[in-house]
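Take a look at the structure set out below.
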Amino acid sequence: MEDVEANVSGISDESNNVNSEPYDATANNEQNQSKEESNIKEEAIVASQTIVNDEPTYSIQEFIDNGEALGYKKEVVAGALFSCKKSELTKTEFEAMVQEFLGKKVE
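Using this note's numbering, the first residue of the sequence shown is number 1222, and each one after it goes up by one.
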(Lines of atoms letter the chains of each structure in order from A and count residues from 1; the text may use other names and numbers.)
(Lines give C-alpha, C1' and ligand atoms only; values in the text may rest on other atoms or scores of the structure.)
Protein backbone atom coordinates (compact mmCIF):
# COMPACT_ATOMS: atom_id res chain seq x y z
CA MET A 1 0.00 0.00 0.00
CA GLU A 2 2.81 2.37 0.81
CA ASP A 3 4.36 1.62 -2.61
CA VAL A 4 1.13 2.61 -4.33
CA GLU A 5 0.95 5.87 -2.39
CA ALA A 6 4.58 6.64 -3.24
CA ASN A 7 3.92 6.01 -6.94
CA VAL A 8 0.81 8.20 -6.90
CA SER A 9 2.60 11.04 -5.16
CA GLY A 10 5.48 10.73 -7.64
CA ILE A 11 3.08 10.97 -10.55
CA SER A 12 1.35 14.02 -9.12
CA ASP A 13 4.73 15.70 -8.51
CA GLU A 14 5.71 15.08 -12.14
CA SER A 15 2.45 16.55 -13.44
CA ASN A 16 2.88 19.61 -11.23
CA ASN A 17 6.37 20.17 -12.60
CA VAL A 18 5.11 20.18 -16.19
CA ASN A 19 2.62 22.95 -15.46
CA SER A 20 4.90 24.92 -13.16
CA GLU A 21 5.79 27.50 -15.85
CA PRO A 22 3.80 30.70 -15.40
CA TYR A 23 1.32 31.61 -18.13
CA ASP A 24 2.21 34.88 -19.79
CA ALA A 25 -1.13 36.34 -20.92
CA THR A 26 0.47 39.57 -22.14
CA ALA A 27 2.74 37.81 -24.63
CA ASN A 28 -0.13 35.68 -25.87
CA ASN A 29 -2.35 38.75 -26.33
CA GLU A 30 0.40 40.57 -28.22
CA GLN A 31 0.81 37.62 -30.59
CA ASN A 32 -2.94 37.44 -31.20
CA GLN A 33 -3.14 41.20 -31.75
CA SER A 34 -0.23 41.04 -34.19
CA LYS A 35 -1.95 38.27 -36.15
CA GLU A 36 -5.21 40.24 -36.21
CA GLU A 37 -3.42 43.36 -37.48
CA SER A 38 -1.73 41.44 -40.28
CA ASN A 39 -5.07 39.86 -41.24
CA ILE A 40 -6.69 43.31 -41.34
CA LYS A 41 -3.87 44.63 -43.55
CA GLU A 42 -4.26 41.69 -45.93
CA GLU A 43 -8.02 42.26 -46.12
CA ALA A 44 -7.44 45.96 -46.88
CA ILE A 45 -5.05 45.09 -49.69
CA VAL A 46 -7.50 42.60 -51.19
CA ALA A 47 -10.32 45.13 -50.89
CA SER A 48 -8.31 47.85 -52.63
CA GLN A 49 -7.42 45.48 -55.45
CA THR A 50 -11.06 44.51 -55.79
CA ILE A 51 -12.13 48.14 -56.05
CA VAL A 52 -9.68 48.75 -58.89
CA ASN A 53 -10.87 45.65 -60.74
CA ASP A 54 -14.57 46.54 -60.39
CA GLU A 55 -14.41 49.15 -63.17
CA PRO A 56 -16.46 47.94 -66.15
CA THR A 57 -14.76 47.13 -69.44
CA TYR A 58 -15.96 48.01 -72.91
CA SER A 59 -15.01 46.72 -76.34
CA ILE A 60 -12.85 48.83 -78.61
CA GLN A 61 -15.74 49.12 -81.07
CA GLU A 62 -17.96 50.58 -78.32
CA PHE A 63 -15.35 53.28 -77.67
CA ILE A 64 -15.10 54.08 -81.38
CA ASP A 65 -18.89 54.24 -81.80
CA ASN A 66 -19.38 56.39 -78.69
CA GLY A 67 -16.21 58.49 -78.78
CA GLU A 68 -18.09 61.75 -79.34
CA ALA A 69 -20.14 61.17 -76.18
CA LEU A 70 -16.82 60.95 -74.34
CA GLY A 71 -15.59 64.17 -75.92
CA TYR A 72 -13.39 62.85 -78.76
CA LYS A 73 -13.92 62.66 -82.50
CA LYS A 74 -14.34 59.20 -83.99
CA GLU A 75 -11.06 59.61 -85.95
CA VAL A 76 -9.10 60.42 -82.77
CA VAL A 77 -10.49 57.40 -80.94
CA ALA A 78 -9.78 55.11 -83.91
CA GLY A 79 -6.21 56.43 -84.14
CA ALA A 80 -5.58 56.07 -80.42
CA LEU A 81 -6.85 52.49 -80.36
CA PHE A 82 -5.37 51.43 -83.70
CA SER A 83 -2.45 49.46 -82.26
CA CYS A 84 -4.21 48.36 -79.06
CA LYS A 85 -3.56 44.69 -78.26
CA LYS A 86 -6.51 44.33 -75.87
CA SER A 87 -10.04 43.62 -77.03
CA GLU A 88 -11.63 45.37 -74.03
CA LEU A 89 -10.58 48.43 -71.99
CA THR A 90 -11.74 50.32 -68.96
CA LYS A 91 -12.65 53.98 -69.33
CA THR A 92 -9.49 54.92 -67.40
CA GLU A 93 -7.29 52.91 -69.78
CA PHE A 94 -9.10 54.44 -72.75
CA GLU A 95 -8.56 57.99 -71.47
CA ALA A 96 -4.86 57.30 -70.93
CA MET A 97 -4.44 55.91 -74.45
CA VAL A 98 -6.24 58.87 -76.05
CA GLN A 99 -4.20 61.40 -74.06
CA GLU A 100 -0.98 59.64 -75.05
CA PHE A 101 -2.10 59.63 -78.68
CA LEU A 102 -2.98 63.32 -78.63
CA GLY A 103 0.36 64.15 -77.02
CA LYS A 104 2.43 62.60 -79.82
CA LYS A 105 4.16 64.86 -82.31
CA VAL A 106 3.38 64.45 -85.98
CA GLU A 107 6.43 63.80 -88.11
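Ideal Cβ placement from N, Cα and C applies to all residues, glycine included.
Inset, instruction - Compute the distance between the beta-carbons of Ala1301 and Met1318, then report whether it is under 8 Å. - result: Position 80 of the sequence shown, counted from the start, is the residue given in the question as residue 1301. Position 97 of the sequence shown, counted from the start, is the residue given in the question as residue 1318. Contact: yes.
Inset, instruction - Would you list the residues sitting across from Ser1308 in a DSSP beta bridge? - result: On the sequence shown, position 87 is the one that residue 1308 refers to. DSSP lists no partner for Ser1308.
Inset, instruction - Tell me where the beta strand (DSSP E) around Tyr1279 begins and ends. - result: Reading the sequence shown from its first residue, position 58 is the one you call residue 1279. Counting along the chain, the beta strand (DSSP E) containing Tyr1279 begins and ends at Thr1278 to Ser1280.
Legend entry - Lys1295 (DSSP reduced to helix, strand or coil): As a first step, residue 1295 is located in the sequence shown; it is residue number 74 there, counting from the start. Helix at Lys1295.
Legend entry - CA-to-CA distance, Gln1282 to Glu1328, given in whole angstroms: Here residue 1328 corresponds to residue number 107 of the sequence shown, with the count starting at 1. Here residue 1282 corresponds to residue number 61 of the sequence shown, with the count starting at 1. Distance between the alpha carbons of Glu1328 and Gln1282 is about 28 Å.
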